[in-house]
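Notes for the one structure printed next.
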Amino acid sequence: MKTSILAFSIISLAFICKTIEAAEPVLDISGNKVTTGVKYYILPVIRGKGGGLTVTNVNNLNSNNSTCPLYVLQEKLEVKNGQAVTFTPYNAKQGGVEGNPGFDTIFNWFKIEKADKDYVLSSCPSVSTTKTLCRELGLYVYGNGNKHLALSDQVPSFRVVFKRA
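The sequence shown runs -22 to -1, 1 to 143 under mature numbering (1 follows the signal peptide of the UniProt record, and there is no 0).
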């Protein structure tokens, strides 16, 4: 299956936390609840193979000087935390209908899912009534060494943790 590169600005994403039996909260690496309106770094669980997530534009994959970044990449150096993100809950008053995001917004729905002690980011709008293919996000490695966040059945899931900025 052809790998689809995920083109979105990580800053404006609205992640949806997976509902677990007792509405288990998403925790940061300090054991604190991840809170809306607070900045966090998204870091890999497996250390030594790159740093946190950052954004870049399509024209210059080695620069973050874009006013409209389209790609989410993993920093090449482990010591770099990447770009801090702020999580916001989905708000139906901002252009959507709760429970039915519709065709125009289906690709903007992402969620944080528990994976053992860690988390994975996935694209699978659980509130959608449309039939979609649910996939976890992984890292697709290009020949130049850049690792792009991607939706694919052929890329292993990218396990992450959250660190308060």
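Beta carbons: idealized from backbone N, C-alpha and C, even for Gly.
When the Cα atoms are used, what is the spatial distance from residue i to residue j?
i	j	result
Gly116	Val98	9 Å
Glu56	Lys141	14 Å
Lys89	Ser100	5 Å
Ile7	Gly29	15 Å
Asn122	Lys54	11 Å
Val4	Val33	23 Å
Leu21	Gly15	18 Å
Measure the CB-CB distance between residue i and residue j and report whether it falls below 8 Å.
i	j	result
Val23	Val119	no
Lys125	Val63	no
Asn59	Leu48	no
Ala93	Arg137	yes
Val50	Leu31	yes
If I follow the unbroken beta strand (DSSP E) through residue i, where does it start and stop?
i	result
Arg137	Arg137 to Arg142
Thr133	It should be pointed out that residue 133 corresponds to Val in this sequence rather than to Thr. Segment: none, Val133 is in no beta strand (DSSP E) and carries neither H nor E.
Arg113	Arg113 to Val119
Quick one, which of the options has its alpha-carbon nearest residue i's?
i	options	result
Tyr19	Lys89, Phe65 and Ala128	Phe65
Asp131	Arg113, Asn122 and Arg137	Arg113
Glu2	Lys54, Leu129, Gly123 and Glu91	Glu91
Asp96	Gly15, Gln61 and Ser135	Ser135
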